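In this text, residue positions in the sequence shown follow numbering that gives the first Met the number 0: the first is 0, and each later residue adds one. In this text, a Cβ means the ideal position worked out from N, Cα and C, and glycines have one as well. All values derive from a computational prediction rather than experimental measurement.
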Amino acid sequence: MYPITIVGGGIAGLALAASLNPERFQVTVHEQRRELPSVETSLAMWPEAQQALDVVGILPAIRAAGSGFEGMALRDVSGRVWLRTRIDGVIGVSRADLLRLLDAAVPESVSRVHATVTSVPGAAGSLAGQGLLVGADGVHSVVRRECWGPRSKARLSPYLALRGIIGETLPPDSGGEYWGRGELFGIAPASRNRTYWYASFRSDMGPGSIDTAAALDLTRARFSGKASGIGRVLASATPSETLAQRIWTTPVLGTYARGGAVLVGDAAHAMTPNLGRGACEALLDSVTLAGLLNSQPVTEALRAYNKRRLLRSQALRAASSAMARLVLAEAAQPVRDGILGLARRLSRTGAGPSV
Ligand SMILES: Cc1cc2nc3c(=O)[nH]c(=O)nc-3n(C[C@H](O)[C@H](O)[C@H](O)COP(=O)(O)OP(=O)(O)OC[C@H]3O[C@@H](n4cnc5c(N)ncnc54)[C@H](O)[C@@H]3O)c2cc1C
């Protein structure tokens, strides 16, 4: 039995632990969290991530627990629609449901350690013994810090992100993403007749623990007098059902495998949330790595994993940052809005982009 030590039992770590062949590997997962996150949020699962969930064996349960996305309206902050897009095959799923189902898919043979890993002495050395050390420990990864060095430290973006769920449905004509000057607000249907919302704008709150009530007040003040759907969501949102955090990203990495260590998920490529791809890519990393490890010698599997996952996930990381700059544009906002207004007029005449 070859030992594999996974630091982090979030989406990436659990998906990996659930997909590794238990007859070949002795797997241990170190996770600091003892319970599921107390605040519910929603994640968009794109078709490729659904294929990964199918490999893990939980796609039918995810489909049953999730809600469909039919389309999305892109609006200015007064609520006026610029464009409507069709989004086929995407499922919105609660993060808690996803973590619960991934957790239940992990075989009994996997050992669980509920503790914070503070260092990995000798890089991949003593924690993993002679085996493989997997950093699935998110954007502030200890494994990345110890094995890739201080230059791999996470970068703080200037943006604050809030997200939460309210226990009511909103009229369909208030759904979509609202782009203002340096500010974003999103409203989407969530499972069990609820509504998922998110907001982002520049702020110097944090970056450590953030007072959610103060962040919510700041958001209410910022979006006051804007679209009625936003006002309705913020009137119902409560601090206990809201998560507020600064957005961090990882720097460009030239490899995801170094010595006896390998990175998956946000530890490898934490990105701004503007493309809704981070968790999807985490699932793809883990299922790809497990498939390769299950079928090839470890060294070859790591080489193949790097080849399959590095460029694509780094490209998405860069694309997400570019999207953040567009969505949260300040000086360039009038130009952006002018182009979107033109696209709306062209689409009315039938000459515009078909999105
Ligand atoms: C506002 C926002 C909205 C988003 N929306 C979407 C979306 O719609 N779709 C999408 O695909 N993605 C989305 N994402 C991204 C997604 O949340 C992440 O990409 C995903 O959670 C990454 O999973 P992970 O398992 O790699 O890392 P994490 O979820 O960060 O999990 C890491 C785990 O490791 C544990 N851990 C960390 N350090 C240690 C340690 N030292 N010792 C022990 N345990 C440790 C943590 O407790 C945690 O459980 C969003 C992100 C944000 C911030």
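- In the structure shown, the three-state DSSP call for D53 is helix.
- Judged by the Cβ position, G228 fails to qualify as a neighbour of ligand 1 at the 7 Å threshold, every heavy atom of the ligand being at least this far.
- Excluding residues up to 5 positions away in sequence, L274 lie with their Cβ nearer than 7 Å to the Cβ of A318 in the same chain.
- A60 and P36 have their C-alpha atoms roughly 19 Å apart.
- The beta-carbon separation of V141 and S118, rounded to 7 Å, stays under the 8 Å limit for a contact.
- Exposed is the label assigned to R311, since fewer than 16 other Cβ atoms lie within 10 Å of its Cβ.
- The beta strand (DSSP E) runs of length 3 or more contained entirely in the stretch 176 to 248 are, from start to end of the chain, 182 to 189, 193 to 201 and 241 to 248.
- Less than 8 Å separates the beta-carbon of S190 from that of G65.
- Beta-carbon to beta-carbon, L252 and S151 are separated by about 7 Å, close enough to satisfy the 8 Å threshold.
- One thing to note: R308 has its Cβ within 8 Å of the Cβ of D284.
- Contact between the stretch 146 to 162 and the stretch 276 to 290 is absent: fewer than three C-beta pairs spanning the two stretches fall below 8 Å.
- For T287, the uninterrupted alpha helix (DSSP H) run begins and ends at G277 to S294, by DSSP.
- If you draw a straight line from the Cα of A187 to the Cα of A72, it comes to about 10 Å.
- By the C-beta criterion, the stretch 21 to 34 is judged not to be in contact with the stretch 164 to 172, since fewer than 3 inter-stretch pairs fall below 8 Å.
- Counting along the chain, A160 sits inside the beta strand (DSSP E) bounded by residues R154 to I165.
- Under the 8 Å Cβ criterion, the stretch 83 to 102 counts as touching the stretch 43 to 63, having at least three qualifying pairs.
- Shown here for L101: same chain residues with a beta carbon closer than 8 Å to its own, the five before and five after excluded, namely I10, L13, A14, A17, V55 and I57 in chain order.
- Beyond the five residues adjoining it in sequence on each side, S239 comes within less than 6 Å, by CB distance, of no other residue in the same chain.
- Taking non-hydrogen atoms of ligand 1 into account, the C-beta of I3 is found less than 7 Å away from none of them.
- The shortest CA-to-CA distance from I90 to any of R111, R324, V76 and W45 is the one to W45.
- Sequence-distant partners of R143 (beyond 5 residues in either direction) whose C-beta falls short of 7 Å from its own C-beta, in its chain, are G134, S151, L262 and A266.
- Per DSSP, reduced to three states, the secondary structure at I338 is helical.
- Shown here for N192: same chain residues with a beta carbon closer than 7 Å to its own, the five before and five after excluded, namely T168 in chain order.
- The nearest non-hydrogen atom of ligand 1 is 7 Å or more from the C-beta of V38.
- For ligand 1, a non-hydrogen atom lies closer than 7 Å to the CB of V116.
- R74 sits in a strand when the DSSP states are folded into three classes.
- Closest in C-alpha terms to W178, from the list A342, F24, V326 and I338, comes V326.
- The C-beta of Q49 has 16 or more other C-beta atoms within 10 Å across all chains shown, which makes the residue buried.
- For L159, the closest C-alpha among the options A330, S110, L215 and I86 is that of L215.
- The way I'd put it, the stretch 68 to 87 doesn't touch the stretch 231 to 248; fewer than three beta-carbon pairs between them come closer than 8 Å.
- Assignment of Y304 by DSSP, reduced to helix, strand and coil, places it in the helix class.
- Between ligand 1 and the CB of C279, the shortest heavy atom gap is smaller than 7 Å.
- In the three-state reduction of the DSSP assignment, T27 falls in the strand class.
- Remark: C-beta atoms of T248 and R162 do not approach each other more closely than 8 Å.
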